[in-house]
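Going by the numbering used here, the sequence shown opens with residue 1, and the numbers climb by one from there.
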Amino acid sequence: MYALHFSRLKTRDDVISALTIDEALFDKIIAFEPPPPAAPRSAEPPVPKPEAAVQTIVLREPPVFFRHDIPKKNKARGHRTVWEPVNSMPTYKALARRLEAFFTMLPDYPHECAYGYRPGRNIRENASAHSGNKFLLSLDIKDFFPSITVERVRWLFEAMSIEAYVADLLARFVTIGGALPLGLPTSPVISNMIALPLDDLLRDLAGQYEAVYTRYSDDITFSGNGDLPDIEEIRPVLAAFDFAIADRKTRRSKRGQAHFVTGLSISDPAQPHVPADKKRSLRQTLYFAGKFGLAEHFQHRGINDQKVIQREVNRLDGLVKYVAHHEPRMATSLKEQWRQILADSGMKPSFTPRGQYRAPFYLLVDEAEYRRGDDKMLGLAMAVTQHPQRLADETNGILTRFLADLWSDGNDTALRKNGLHYTDATEDLRSAYVKQLATMPFEGYVAVGPLDADAGYEASYLRLLKALISRRLMAAESQFAFLIIEKNGKVAQDAIKACVQEAFDALKLADNRRPTAFGVNFVAKPNALISVPDFLLGALGKYLQSKPAAPGRPEPRERLLFERLRDKYRLIVDVDPWTEFTRRNPVKPWS
Numbered sequence: 001m002y003a004l005h006f007s008r009l010k011t012r013d014d015v016i017s018a019l020t021i022d023e024a025l026f027d028k029i030i031a032f033e034p035p036p037p038a039a040p041r042s043a044e045p046p047v048p049k050p051e052a053a054v055q056t057i058v059l060r061e062p063p064v065f066f067r068h069d070i071p072k073k074n075k076a077r078g079h080r081t082v083w084e085p086v087n088s089m090p091t092y093k094a095l096a097r098r099l100e101a102f103f104t105m106l107p108d109y110p111h112e113c114a115y116g117y118r119p120g121r122n123i124r125e126n127a128s129a130h131s132g133n134k135f136l137l138s139l140d141i142k143d144f145f146p147s148i149t150v151e152r153v154r155w156l157f158e159a160m161s162i163e164a165y166v167a168d169l170l171a172r173f174v175t176i177g178g179a180l181p182l183g184l185p186t187s188p189v190i191s192n193m194i195a196l197p198l199d200d201l202l203r204d205l206a207g208q209y210e211a212v213y214t215r216y217s218d219d220i221t222f223s224g225n226g227d228l229p230d231i232e233e234i235r236p237v238l239a240a241f242d243f244a245i246a247d248r249k250t251r252r253s254k255r256g257q258a259h260f261v262t263g264l265s266i267s268d269p270a271q272p273h274v275p276a277d278k279k280r281s282l283r284q285t286l287y288f289a290g291k292f293g294l295a296e297h298f299q300h301r302g303i304n305d306q307k308v309i310q311r312e313v314n315r316l317d318g319l320v321k322y323v324a325h326h327e328p329r330m331a332t333s334l335k336e337q338w339r340q341i342l343a344d345s346g347m348k349p350s351f352t353p354r355g356q357y358r359a360p361f362y363l364l365v366d367e368a369e370y371r372r373g374d375d376k377m378l379g380l381a382m383a384v385t386q387h388p389q390r391l392a393d394e395t396n397g398i399l400t401r402f403l404a405d406l407w408s409d410g411n412d413t414a415l416r417k418n419g420l421h422y423t424d425a426t427e428d429l430r431s432a433y434v435k436q437l438a439t440m441p442f443e444g445y446v447a448v449g450p451l452d453a454d455a456g457y458e459a460s461y462l463r464l465l466k467a468l469i470s471r472r473l474m475a476a477e478s479q480f481a482f483l484i485i486e487k488n489g490k491v492a493q494d495a496i497k498a499c500v501q502e503a504f505d506a507l508k509l510a511d512n513r514r515p516t517a518f519g520v521n522f523v524a525k526p527n528a529l530i531s532v533p534d535f536l537l538g539a540l541g542k543y544l545q546s547k548p549a550a551p552g553r554p555e556p557r558e559r560l561l562f563e564r565l566r567d568k569y570r571l572i573v574d575v576d577p578w579t580e581f582t583r584r585n586p587v588k589p590w591s
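Shown next, in the form of structure tokens:
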């Protein structure tokens, strides 16, 4: 995947353009000052004053971030503050991926001993590095993220040849209250880069004892079959990087005791295991739930409130999946036992999204033909949004400004007839619209496959539609799904409707997530909403067919255009053979 070279950014406008964020929202984030924790609610409601009988309701804009103060397991230790971006989460996720790609170009990143926040590594992999070792030393870095200040982040960016002014803007964008926050997708990536020299020194210290060292975020572990480093040897190493040890959470153990790394037992040399007491407790719960019924089991435990019951079902479901994942030999029987308990009780896990925007989902569909060598290919794009009016307004605005420009080139007649269509747009118009698309509220999904001459165009089209429609209907759970599809004389409208109906009926039969209902509307050009999937297909097609740059030459324009839009593509499916390209498995040009 093309890595954004942050060192090329020189101005504030460069930063905003690279982040593909609304300018006003960027300014609000930069200027954000965290509010104090919410005051605890009074046990007695306040007595209203007489003059408060008539109230004025003031509508306020949503905040830039939501603050969540989550109590720690030991409540005496206070709470953990997690920040949730309200309208900028996609921007932070995209920036995290780009920072990861940028850091990966640097030597020694990611560190071999870092297991947290890395694709393909998890708590099991971290524990496996220590499996079977006789002695164990575990410690936590105190306030790991908050210890990484905005000054340290700014210094990191400047050390990587990023302009001081740009480094300051980026550092302020990824910090809250002067420190790296929990909750932003950028924090884990930056923390791993900040901790790179720390990991080097602690690995070398472990090597002096022929021990193993790993770090999973703020969890540091040393293990071996002989002596391990002393705490007082580790403390100054951490202090050199402005970190401290959370002394209360430091522990030593040996095989036969509570010998755990990131929650898993490492006593077995072959592999880590879920702690025996956790497995025992789960088996006991499932036994009683199977014998007496889940509802009666909850009643016996004094749980009668429906909301609490649902939380318990969700908790048990998560625990079953956790144990099944880490204990493969138990997985099949455990999942079947839990499935039967749920079926007998008529209950199921349910996770209601918080603050979901209650509006219909619009699925905007268009298709285009490609060439892959000598083969004809068909692509079908689906742009999904809950903000169709904004998409239409911004699309029409781009086209109107272009047509009103007396010095613009291009085929005005075709643009007025077909609307904003990729094949009719000039390079300048394409760039302007793609830049705007990158900030617009939608997600893109594309299916690509051979245009089968034997099966026919309609069969190829429906195959691609089937590849996308079920999951998109599931995502529109409990709301209305409205499909707006460009008319195509080669595909019968009844066949398209039947394809969507078949997917909806299958979800309903399986009692799976689905919209309350759906509608299908076929539209002709010009249509501002269809411009969105049209450009998804156009930018992707040019990228897939592009050639690499000659040595010493800049990236081809069609590749840069796609990279600007890459984060809008949530899924690209090549149906033959079936291959899914996502942000973690990025699509690459065909040649």
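Glycine included, every Cβ here is placed at the ideal spot set by N, Cα and C. Note that the coordinates shown come from a computational prediction; the quantities given were computed from them, not determined experimentally.
Pull the bridge partners of residue i from the DSSP assignment, please.
i	result
Pro269	BP columns for Pro269 are empty, so no partner.
Glu84	Phe66
Trp578	Val575
Val520	Leu483
Ala381	Asp366 and Val446
Phe376	The sequence shown places Lys at residue 376, rather than the Phe named in the question. Answer is Arg371, bridged to Lys376.
Arg280	None, per the DSSP bridge assignment.
Lys254	Phe135
Counting C-beta neighbours from all protein chains within 10 Å, is the total for residue i 16 or more, i.e. buried, or is it exposed?
i	result
Lys487	exposed
Ala171	buried
Ser265	buried
Asp492	Here residue 492 is Ala; the residue named in the question, Asp, does not match the sequence. Counting Cβ neighbours within 10 Å, Ala492 comes out exposed, since fewer than 16 surround it.
His259	buried
Met193	buried
Arg97	buried
Phe292	exposed
Met382	buried
Thr400	exposed
Arg60	At Arg60, the pLDDT of 48 sits below 50, so the modelled position is not reliable and the matter cannot be decided from this model.
Ser217	buried
Glu163	buried
Trp407	exposed
Asn236	Residue identity check: residue 236 is Pro in the sequence provided, not Asn. It counts as exposed.
Glu100	buried
Ile594	Nothing about residue 594 can be reported from this structure: the residues present for the chain run from 1 to 591 only.
Trp338	buried
Arg354	For Arg354, the predicted structure reports a pLDDT of 46, less than 50, and the residue's modelled location is therefore unreliable. The matter cannot be settled from this model.
Arg430	buried
Ser161	exposed
With DSSP collapsed to three states, give me the class of residue i.
i	result
Thr262	coil
Gly290	helix
Tyr117	coil
His130	coil
Ile245	strand
Ala239	helix
Val47	Unreliable positioning characterises Val47 in this predicted model, as indicated by a pLDDT of 47, which lies under 50. The coordinate reading is nonetheless provided below. Three-state result, Val47: coil.
Phe402	helix
Pro71	strand
Tyr216	strand
His79	strand
Leu184	coil
Tyr569	strand
Ala53	The pLDDT assigned to Ala53 is 40, lower than 50, so where the model puts this residue is not dependable; a value taken from the coordinates is nonetheless given after this. Correct three-state label for Ala53: helix.
Gly456	coil
Ala104	The sequence given here places Thr at residue 104; Ala does not occur at that position. Here Thr104 sits in helix by DSSP.
Which whole-angstrom value is the C-beta distance of residue i and residue j, which I expect to be below 8 Å?
i	j	result
Leu623	Thr395	A query on residue 623 cannot be resolved here, the shown segment of the chain reaching from 1 to 591 and no further.
Phe504	Arg514	6 Å
Pro272	His326	7 Å
Leu483	Leu363	5 Å
Asp199	Arg215	6 Å
Phe361	Ala481	5 Å
Phe442	Val587	With a Cβ gap of about 18 Å, Phe442 and Val587 do not count as contacting.
Tyr543	Arg559	6 Å
Comparing the C-beta of residue i with each C-beta of chain D, is any distance below 8 Å?
i	result
Ile484	In the structure shown, chain D does not exist; there is a single protein chain.
task = Assess, as a yes-or-no matter, whether the region 141–156 is touched by the region 233–251 under the definition of 3 or more beta carbon pairs within less than 8 Å.
result = yes
message = With three or more C-beta pairs closer than 8 Å as the rule, is the region 192–208 touching the region 106–123?
response = Put simply, the region 106–123 touches the region 192–208. At least three CB pairs are less than 8 Å apart.
query = Is there contact here, the region 462–482 with the region 563–580, by at least three beta-carbon pairs under 8 Å?
reply = With the cut-off at 8 Å, the region 462–482 and the region 563–580 touch.
request  = Count the C-beta pairs between the region 165–183 and the region 112–130 that are closer than 8 Å, then say yes if the count reaches three, no if not.
outcome  = no
message = Within 8 Å, do at least three Cβ pairs link the region 86–96 to the region 16–32?
response = yes
task = Would you check if there are 3 or more beta carbon pairs closer than 8 Å linking the region 283–300 to the region 308–320?
result = yes
key: Contact between the region 412–427 and the region 521–531 (3+ Cβ pairs under 8 Å)   = yes
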